[in-house]
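Residues are numbered in my numbering as their position in the first sequence, beginning at 1, plus a constant of 3.
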Amino acid sequence: MCENKGIYKYNEIEKKWQEFWENTRTFKAADCDNSRPKYYVLDMFPYPSGQGLHVGHPEGYTASDITARYKRMKGFNVLHPMGWDAFGLPAEQYAIQTGTAPAETTRKNIDNIRRQIKSLGFSYDWAREVNTTNPNYYKWTQWIFLKMFNSFFDESEQKAKPIEQLRIPEGLNEKEKRQYIDDHRLAYEAEVAVNWCPALGTVLANEEVVGGLSERGGHPVFRKPMRQWMLKITEYAERLIDDLAEVDWPESIKKLQQDWIGKSIGADVDFKVDGFDEIIRVFTTRPDTLFGATYMVMAPEHRLVDILTSPDRKEAVKKYREEAARKSDLDRTDLAKEKTGEFIGAYAINPVNNKKIPIWISDYVLISYGTGAIMAVPAHDDRDYEFATKYNLTIIQVVQPEDKEQSELVKQGKLCFIGDGIAINSGQFNGIRTPEFKEKITNWLEQTGQGKKAINYKLRDWLFSRQRYWGEPFPIVHTEDGRVASLSEEDLPLELPKVADYKPSGNGEPPLAKVTDWVNVTLPDGTKARRETNTMPQWAGSCWYYLRYLDPDNSKEGWNPDKEKYWMPVDLYIGGAEHAVLHLLYSRFWHKFLYDMGYVTTKEPFKKLVNQGMILGEDGQKMSKSRGNVVNPDKVITDYGADSMRLYEMFMGPLEAIKPWSMQGVEGVHRFLQKLWRLVIDKETGGLNQTVKDIQANEETLRLLNQTIKKVGDDIESFGFNTAISAMMILVNHLSKLDAVPKSSVEKVVLILSPFAPHIAEELWQKLGHNDSLAYESWPEYDKELIKEKEIELAIQVNGKIKDKIVVPADADEEQIKQKVLGNDKVIAALAGKTPKKVIVIKSRLVNIVV
RNA sequence: GCCGAAGUGGCGGAACUGGCAGACGCGCAGGAUUCAAAAUCCUGUCCUGGCAACAGGGUGAGGGUUCAAUUCCCUCCUUCGGCACCA
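What follows is the structure, given as structure tokens:
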């Protein structure tokens, strides 16, 4: 019986300390405490799914928690909050199937996932918990939307301003004026060709469509014109690119965002149309190839197609346009290999040489990018080359590559060359290099009034409405006389009504449209109106949640300005790489808008970003129910404890890497904790082990201890958690071999382990005779002098091959080392009488003798 | 196709800024303890040859720079992630 007393009862210990932290509010963050530096550590908050946590979640959470606990010990005032991104499709799909209200499902799921997260002992300030589906929260999501609705973007100052400051052109009537204002709002309505997904019964953002299929569920997506709410994220394209320079993010993520925004610099060029009083404007990044433009292509949807098509081409053009319109995104991608098009029977005039060139339509030119028309230079553009070859169109070389053979092939029309070179067949510009030519021709176009420098972005405005129930309602009404009006701030939150039927109608009418007594309203002035029945996309709530954590209970403001000033920006943001473009781009956009309006004081929300890698199943495959390789965190905690779980997740490998799970690996770190426990605790009494004594540590122990303190601290700062754990294992192995273990050393081990395995650390700390929690103990200092080795082992190489190893005093000089090495038996043997040409001595590393 | 990341023992991984490849953990083998087992402890464990001392090879493949390359350069292969007619 009494043998039981001293064993490592992780389940009991973990429960005890989790209750202690909760009851004593150990991790409450103090607002605006200027006596300490602040540190804001943020996790990407989870969607509370019915499946609960998977082992991937705790990976990021553990990393952030280690940092949070470490920073507290380093004297920082740490803000470390958690919440729920709880709007979204799964709860609604479940409601459609079972009739359970999404609010109900969501509440249950949150309770479960909160329990799971708490069972891992993370040091969150739970008083700041937020939930995007709570009216007290989405009130402010709606409030930000209203601000956007009531703002416009000032091009010359490159910033958003209140709509009242918009300068309206003279001579407009009331209706035109209203239209003008509505068109300039940052949140605006438009009839746009959207990604309509019949299976989900909703439209999707470009970012949510992958290869013509919905990101969620993989259903086909079609183009369909619909009235939708849009956010003018494109106005911020330039700033979204520029300010990436300010943040400490992985380069790969920055690049992904840059590519997504897709800035290209070039020129708009105007082409006259032969026999018409019309101009076709094209955008090109290669104005230097203008002399090689042998035909022109317009998107099938281009407005001039109807006007310019000759009578004999009408029939064919009409047919082609109809086919193009019918194509889904998937079809367009599938057909990408074989280009199609029709000649419309009209000719444009090339401004540089006045040559007549045929005008075609083809769906390889997109109406939504640039001007919806291009000049085709088949000799120097892959797509144009493919098209020209298929339809036998003229190919003229205007750029000469350096390689002669290559150039000959281009001349013969057998090769397309897209690189830089020297201009030929380009009149007065012959002989100029590509980059220089670009500038010269752009200036020439500008001077002759035929074009100008232009910049285009791939980024499109953000489609912000969904035909779903479970999302934030728009604080918008449509009046009977066709006006769009916003609710006033006092009317917020506009709560989501309870409904009986969650099914989307299938024709694009959202479920809310069926709730007639909610939809129909009478405005204060007596006008009848209908509420907007679309809801906001899931991304809305997550765009600003990091601000609500600063002041979660504020009912007067989304957040208090002083608190914002104190806590922002987020110092460390940890989450999955799958949010590289979606969430991270959207929230940066909102943040910049809020910055323009003066509600936040930093340009960027997230200073440092770290992505955790995915955890695979034991079979090396992605975890999934169907494969049966899902690891349940609850089971791991029951079998090995939360500390082992945390430690293993960090020990698996580098945080950012993709790595497979191994239960035996969990057992390995569990053994390490057991070993530490046995080192400190007497297994019979449960008290301190007899071998732990108030003695001075010997030199070797002291050195290893100080080295470990340094390494663990350095590794936490650089997110090398796996190597930090390995260093602590080495130290504990060493201490285990001692007959008498210095208590002071053990205390330091417990302190540096505490961010990783806080429960066992607290328990041991208590057993070592401390009454307070160690959460705010100072991080141990290391002594620089004690770290230094007295003697160093040097490898001796002859011609780069290791022959022997010698031990020298750390302060031995080069000459002493040389003498010793040359007198070494094995070296003499290896030299076999030859004289060394050179002896390279790298102090503290090795000696290489070259013969 | 283009862009990005990565390829190291049986496995997860380590190696600072070009300086002893394989730390730490898992697994495996042998031993101690035990009536036996679990647990624990000790020893060994990159490959080839050898009883051994030792010799040779070795970080996806091939080449290069260097006294010295997992690390830098070039070519190629494989895996993963992103983009995919954006003119």
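In this text, a Cβ means the ideal position worked out from N, Cα and C, and glycines have one as well.
Contacting residues, own chain, Cβ-Cβ under 7 angstroms from residue i (five flanking each side not counted)
i	result
P361	Y298, F346, Y350
H222	C200, A202, L203, L216
G59	M617, I618
K568	T604
G9	I684, D685, K686, E687, T688, G689
Sequence-distant residues of its chain with Cβ nearer than 6 angstroms to residue i (five each side left out)
i	result
T605	M571, P572
Y43	L82, W570, V573, D574
L338	In this prediction, L338 scores a pLDDT of 47, lower than 50, which makes its location untrustworthy; no coordinate-derived value is stated.
M626	G620, N632, V633
Y64	D46, F125
L247	K257
Residue span of the alpha helix (DSSP H) that contains residue i, given as start and end
i	result
M855	Because the chain here runs from 4 to 854, residue 855 falls outside it and cannot be looked at.
A327	317-329
S748	746-756
V715	702-720
I264	254-264
A730	724-739
L203	First-last for L203: undefined, no H or E at that position.
F609	Here F609 belongs to no alpha helix (DSSP H); instead the beta strand (DSSP E) covers 609-615.
T392	385-394
G668	666-683
L82	Where L82 is concerned, there is no enclosing alpha helix (DSSP H), although the beta strand (DSSP E) it sits in stretches over 80-82.
Same chain, Cβ closer than 8 angstroms to residue i, five either side skipped, listed in chain order
i	result
T704	H737, L738, L741, P745, S748
Distance, residue j Cα to residue i Cα
i	j	result
D646	R848	38 angstroms
A202	P513	14 angstroms
E3	Q450	Residue coverage of the chain in this structure runs from 4 to 854, which leaves residue 3 outside it and unanswerable.
L207	N510	15 angstroms
Q822	V613	50 angstroms
V824	D718	36 angstroms
R674	T641	15 angstroms
I805	A66	40 angstroms
Y13	K638	14 angstroms
L418	D385	9 angstroms
A778	E211	42 angstroms
K829	E817	20 angstroms
A524	P496	In the sequence on display, residue 524 carries Val and not Ala. So the two alpha carbons sit approximately 16 angstroms from each other.
K837	K793	34 angstroms
S313	G348	5 angstroms
N176	D186	15 angstroms
E167	T538	26 angstroms
K751	R706	13 angstroms
Y505	T205	13 angstroms
R131	D245	33 angstroms
A760	K121	14 angstroms
T530	A488	11 angstroms
C35	R242	30 angstroms
Boundaries of the beta strand (DSSP E) in which residue i is found, first to last residue
i	result
T525	523-525
P228	225-234
Y372	Here Y372 belongs to no beta strand (DSSP E), and DSSP marks it neither H nor E.
S489	487-489
K829	Run containing K829: none in the beta strand (DSSP E); it sits in the alpha helix (DSSP H), 828-834.
R533	531-534
Beta carbon of residue i nearer than 8 angstroms to that of residue j
i	j	result
A813	I790	no
D554	W562	yes
L767	V695	no
G755	V715	Just to set this straight, residue 755 is Ile in the shown sequence, not Gly. A contact, by the Cβ cut-off of 8 angstroms.
K164	F155	yes
V801	V854	yes
F467	A190	yes
L725	F609	Note on residue identity: the sequence assigns Asn, not Leu, to residue 725. Contact flag unset, no.
- Query: Along the chain, which unbroken stretches of the beta strand (DSSP E) at least 3 residues long are found entirely within the region 771-817?
  - Reply: 794-801, 804-812
- Query: What alpha helix (DSSP H) runs, 4 residues minimum, are completely inside the region 101-185?
  - Reply: 105-121, 138-152
- What are the uninterrupted segments assigned as alpha helix (DSSP H) that are 4 or more residues long and contained completely in the region 401-485, given in chain order? 407-414, 437-450
- If you scan the region 545-595 from start to end, which runs of the beta strand (DSSP E) of 3 or more residues do you find wholly inside it? When DSSP assignments are scanned along the region 545-595, the uninterrupted stretches of beta strand (DSSP E) that are 3 or more residues long and fall wholly within it turn out to be 573-579.
- Query: Which runs of the beta strand (DSSP E), 3 residues or longer, sit entirely within the region 620-662?
  - Reply: none
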